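Residue numbers (the numbering used here): 1 to 284.
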């Protein structure tokens, strides 16, 4: 059995042979070898060409194989990670390990949300998201921070919170060198440097990098304002704008629903809300 260094050496030789372009001067000798008349400058230039190593921009660090493009290198590296991504989205080219994952991902492009919460009727693209959402109604927060004892509904929320306790920014953008605390924030940032905008508005054909941006943009055409203030009934396009607005009513919202944590100015509003959830429980 060949040793690993010898295997890598043999693999590299085979790969260079596979990925390198065929010589267009096969069967002929260089000017230096043939002895033809050349200037000193020409000889130096030809010697440099003959001794310059192949460019290894897209080389696998594990087995040293050289690939022609970054995309081919990414596909090749799946062999070493054991996670083969054979299923590719035809819209944004993102790859997945199974057809099931791809189908779930496609729902982000179609806007379809087949799974519904039985309490508040909010809809989701995946059943697991409904399960996580239900923790809002049960007020369960099973994941606790070991440092400050703050609790969270999901492991992801806890993981994101943990960066509050550190100033370390271990993830750096290779384009602009800006640093981030989490890989997820870095991934979002990288889209700033990309020209890929797979999400297109069917009305004005404007394109966007993220489906959320397209969804918000579409409200400009429909004049949709889905987020309504429960106090003054003013409506907003974005939930964040509603949250900011609700701060103006903060001192007036004395009655809170124990199921979904919504607040109301009067007991009557709370009772009406509870009836919509299928409960008659009131809170003083």
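Glycine is no exception: its CB is placed at the ideal position from the N, C-alpha and C atoms.
This one's a predicted model, so the numbers in the text were calculated from it and none came from an experiment.
Span separating the alpha-carbon of residue i from that of residue j
i           : j           : result
residue 86  : residue 96  : 6 Å
residue 141 : residue 116 : 21 Å
residue 240 : residue 226 : 12 Å
residue 221 : residue 242 : 20 Å
residue 234 : residue 224 : 13 Å
residue 100 : residue 232 : 44 Å
residue 164 : residue 178 : 18 Å
residue 272 : residue 254 : 15 Å
residue 121 : residue 275 : 14 Å
Whole-angstrom C-beta distance between residue j and residue i, which should lie under 8 Å
i           : j           : result
residue 238 : residue 216 : 7 Å
residue 150 : residue 161 : 7 Å
residue 73  : residue 67  : 4 Å
residue 277 : residue 119 : 6 Å
residue 76  : residue 89  : 20 Å between Cβ atoms; not a contact.
First and last residue of the uninterrupted alpha helix (DSSP H) at residue i
i           : result
residue 269 : 267-276
residue 211 : 211-222
residue 101 : 99-110
residue 247 : Segment: none, residue 247 is in no alpha helix (DSSP H) and carries neither H nor E.
residue 156 : 155-162
residue 188 : 183-190
residue 130 : 127-138
heavy atom of the ligand FMN below 6 Å from residue i C-beta
i           : result
residue 109 : Absent from the structure shown: the ligand FMN. Ligands present: none.
Check whether residue i and residue j have beta carbons under 7 Å apart
i           : j           : result
residue 158 : residue 137 : no
residue 62  : residue 211 : no
residue 245 : residue 229 : yes
residue 263 : residue 256 : yes
At least three beta-carbon pairs within less than 8 Å, the segment 161-173 to the segment 186-205
Output reads yes: the segment 186-205 touches the segment 161-173.
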